[in-house]
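Number of protein chains: 2
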Amino acid sequence: MSEHPTPASDASLSVWERAEPSARPTPSLLNRDMIVRAAVAVADREDLEAVSVRRIAAELNSGPMRLYRYLSSKEELLDLMIDAAYGEMVAAGAIDGDWRAVLETVAERLRLACRTHRWLVDLIGGRPHLGPNALTFLERAYAALRKEPRFGDINLATEAMGILNAYLVGAIRCERGRIAGDLSDADWRDRWWPYLERQIKTDRFPELAAIVEHAADITPAAQFRNGLEAVLDGIEARIGRA
Amino acid sequence: MSEHPTPASDASLSVWERAEPSARPTPSLLNRDMIVRAAVAVADREDLEAVSVRRIAAELNSGPMRLYRYLSSKEELLDLMIDAAYGEMVAAGAIDGDWRAVLETVAERLRLACRTHRWLVDLIGGRPHLGPNALTFLERAYAALRKEPRFGDINLATEAMGILNAYLVGAIRCERGRIAGDLSDADWRDRWWPYLERQIKTDRFPELAAIVEHAADITPAAQFRNGLEAVLDGIEARIGRA
DNA sequence: TATCGTTGCGTACAGTGTATCGTAACGATG
DNA sequence: CATCGTTACGATACACTGTACGCAACGATA
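Protein sequence lines correspond, in order, to chains A and B.
Just so you know, we're using the working numbering here: the first sequence kicks off at 1489 and counts up by one.
Just so you know, we're using the working numbering here: the second sequence kicks off at 1489 and counts up by one.
Structure below.
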């Protein structure tokens, strides 16, 4: 597979020994889509730091530099991965309903995407998401939102979406590694939890102790939804006032 | 400074060629605090990816592995840096006032910390912040918050703080790289902005076009405050109802 | 004094992203 | 058809990463 195919015109060899003339060693089909697909697959199966240029190239039976004909940097690969995720969010269907339903749909789609592709969590809130699918998703969300007369002023719509987005990014990111995070996560159970328990036993943090004691009272999903409701209430208050 | 000192007991050399016996080359003072200080300084001056173990070690006139007597991994160095930032947030003074003032103080402190130390933005929302200073900060915030009778139920306090924190993390992270981000940022001006402008000219994204047109209507700082107010309103609505 | 366990940290390894550049294939020309 | 200049591919190589490993030097013990 990676053995040097004999150069098609090595003069020291007779014709019969040499490879066929159209020797470009079957330049196995390759295109951006395949690259992104491979990267997403690796990131899904393992995690984001398993995605290295070499690794993805190997996955496609090529050398690392071959990818650089399709991408000009690894960052661009990440951008493409993000946009692939937005592609799924777009494909999940039309966005409609009253403004609250629209914002809830946006929230659900993003959260679902981040659950399907855990690596996405590390990528939201960092670089801007401006790929074609992201733009399409945003465009549709805004279009749906602005059907409501209350959001006739575009600045109001932008503000609402900005607030929602900020909450989403933060909530989704914090869901990993919340105080007293679910002990199913190995990192929490083995590393942080024992430490936290010891700190609390010192009686220097009575409030936190109480919090940890009640930590199991609410599931992450419920917390997400409660927060979302609160944020939407807040937006409603601002909209009404404006 | 880094020339190989001849091993003091290399049998192949005569005494006169060998270094003095007490060859331990003056093990310059070192401790965790100095390491963290150096790392923060480098990250402040350049950015987070300038912080490599080698680089920080060199900054302290030592080899890379020397740091591993004080840290067991680079991640721990990042944890220490984060907690140093929380140290400043704690030192900024007591937290008091009514619940709204408390949450606003928390918000301001975190945002200020992220402006003073831009690298902190990359570190919030990722790993949990459980260093002693972070715990102290949280403890004080909760203590102040719970003076309000409305937050007698600890679960309410946790929920409120969770929502606030999610918004803060997201808002602060998104402040870098928002749609039509400030053109003072070189990356935006040279890389994203021209692209975005071209996309909008295609008329495929009329909503986004309108948004971009009005992008300058509001400053990032105002947007942050507006969002914060909305989130606090939302929390108030939930608290009142509960 | 000779030996040993412990400690500190330099060396080296396996990996990263990507600049560079030799070379192979091609299209145009003699 | 042979030759050449041009292009584009992608292997090699470079500068860098985090850190495992093992060696050298030390203090304590026999």
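By construction, the Cβ of each residue, glycine as well, lies at the ideal position given by its N, Cα and C atoms.
Residue environment, residue i, which counts as buried when at least 16 other CB atoms sit within 10 Å
i, result
"residue 1707 (chain B)", "exposed"
"residue 1593 (chain A)", "buried"
"residue 1563 (chain B)", "exposed"
"residue 1531 (chain B)", "buried"
"residue 1600 (chain B)", "exposed"
"residue 1553 (chain A)", "exposed"
"residue 1634 (chain B)", "buried"
"residue 1680 (chain A)", "buried"
"residue 1723 (chain B)", "buried"
"residue 1535 (chain A)", "exposed"
"residue 1583 (chain B)", "buried"
"residue 1521 (chain A)", "exposed"
"residue 1655 (chain B)", "buried"
"residue 1526 (chain A)", "buried"
"residue 1604 (chain A)", "exposed"
"residue 1712 (chain B)", "buried"
"residue 1502 (chain A)", "Below a pLDDT of 50, predicted positions are generally treated as unreliable, and residue 1502 (chain A), at 39, falls in that range; no measurement from the model is reported."
"residue 1511 (chain A)", "With a pLDDT of 40 at residue 1511 (chain A), under the threshold of 50, the predicted position of this residue should be treated as unreliable, though the coordinate-derived value follows. The residue in question, residue 1511 (chain A), is exposed, as its Cβ has fewer than 16 Cβ neighbours within 10 Å."
"residue 1710 (chain A)", "exposed"
"residue 1622 (chain B)", "buried"
"residue 1683 (chain A)", "exposed"
"residue 1721 (chain B)", "buried"
Delimiting residues of the alpha helix (DSSP H) encompassing residue i
i, result
"residue 1596 (chain A)", "1587-1604"
"residue 1551 (chain A)", "Segment: none, residue 1551 (chain A) is in no alpha helix (DSSP H) and carries neither H nor E."
"residue 1583 (chain B)", "Careful: residue 1583 (chain B) lies outside any alpha helix (DSSP H) and carries neither H nor E."
"residue 1650 (chain A)", "1642-1663"
"residue 1523 (chain A)", "1520-1533"
"residue 1695 (chain A)", "1694-1701"
"residue 1683 (chain A)", "1681-1689"
"residue 1620 (chain A)", "1620-1633"
"residue 1539 (chain B)", "First-last for residue 1539 (chain B): undefined, no H or E at that position."
"residue 1609 (chain B)", "1608-1611"
Residue i versus residue j - alpha carbon distance
i, j, result
"residue 1567 (chain A)", "residue 1619 (chain A)", "7 Å"
"residue 1714 (chain B)", "residue 1652 (chain A)", "12 Å"
"residue 1579 (chain B)", "residue 1617 (chain B)", "17 Å"
"residue 1661 (chain B)", "residue 1677 (chain A)", "28 Å"
"residue 1524 (chain B)", "residue 1572 (chain B)", "8 Å"
"residue 1549 (chain A)", "residue 1539 (chain A)", "15 Å"
"residue 1545 (chain A)", "residue 1537 (chain A)", "15 Å"
"residue 1659 (chain A)", "residue 1516 (chain B)", "45 Å"
"residue 1570 (chain A)", "residue 1650 (chain B)", "26 Å"
"residue 1686 (chain B)", "residue 1614 (chain B)", "34 Å"
"residue 1701 (chain B)", "residue 1625 (chain A)", "19 Å"
"residue 1719 (chain B)", "residue 1718 (chain A)", "7 Å"
"residue 1590 (chain B)", "residue 1642 (chain B)", "16 Å"
"residue 1533 (chain B)", "residue 1609 (chain B)", "15 Å"
"residue 1629 (chain A)", "residue 1543 (chain B)", "45 Å"
"residue 1607 (chain A)", "residue 1657 (chain A)", "13 Å"
"residue 1688 (chain B)", "residue 1529 (chain B)", "41 Å"
"residue 1728 (chain B)", "residue 1640 (chain A)", "30 Å"
"residue 1725 (chain B)", "residue 1674 (chain A)", "37 Å"
"residue 1690 (chain A)", "residue 1560 (chain A)", "53 Å"
"residue 1575 (chain B)", "residue 1557 (chain B)", "23 Å"
"residue 1740 (chain B)", "residue 1627 (chain A)", "The question about residue 1740 (chain B) has no answer here: the residues shown for chain B are numbered 1489 through 1730."
Amino acids of chain A, ordered along the chain, whose beta-carbon sits closer than 7 Å to that of residue i
i, result
"residue 1596 (chain B)", "Within chain A, no residue comes near residue 1596 (chain B); the closest Cβ sits about 16 Å away, beyond 7 Å."
"residue 1634 (chain B)", "1695"
Contact list for residue i against chain B, beta-carbon separation under 8 Å
i, result
"residue 1630 (chain A)", "1695, 1696, 1699"
Under 8 Å from the C-beta of residue i: neighbouring residues of chain A
i, result
"residue 1702 (chain B)", "1642, 1643, 1646"
Contacts of residue i in chain B (Cβ-Cβ under 7 Å)
i, result
"residue 1623 (chain A)", "1687, 1693, 1696"
"residue 1705 (chain A)", "1643"
"residue 1680 (chain A)", "1616, 1618"
Interface partners of residue i on chain A, CB under 9 Å
i, result
"residue 1627 (chain B)", "1692, 1693, 1694, 1695, 1696"
"residue 1541 (chain B)", "Here the premise fails: no neighbours, minimum Cβ distance about 17 Å."
Chain B contact residues for residue i, given Cβ-Cβ distances below 9 Å
i, result
"residue 1602 (chain A)", "What residue 1602 (chain A) touches in chain B: nothing, since even the nearest Cβ is about 13 Å away."
"residue 1536 (chain A)", "Here the premise fails: no neighbours, minimum Cβ distance about 12 Å."
"residue 1661 (chain A)", "1612, 1613, 1614, 1654, 1657, 1658, 1661"
Residue i CB to nearest heavy atom of the ligand ATP below 7 Å
i, result
"residue 1576 (chain A)", "Ligands are entirely absent from the displayed structure, and the ligand ATP is therefore not among its contents."
Quiz item: Which residues, in order along the stretch 1554-1577 of chain A, keep a beta-carbon less than 9 Å from a beta-carbon of chain B?
Solution: Those would be none; no residue qualifies.
Quiz item: Just by C-beta distance, which residues in the stretch 1583-1594 of chain B are closer than 9 Å to chain A?
Solution: Taking 9 Å as the Cβ-Cβ cut-off against chain A, none of the residues of the stretch 1583-1594 of chain B qualify.
Exercise. Check distances from the C-beta atoms of the stretch 1517-1531 of chain A to those of chain B and list, in chain order, the residues that come in under 7 Å.
Key: Those residues of the stretch 1517-1531 of chain A that come within reach of chain B (Cβ to Cβ, closer than 7 Å) do not exist; the list is empty.
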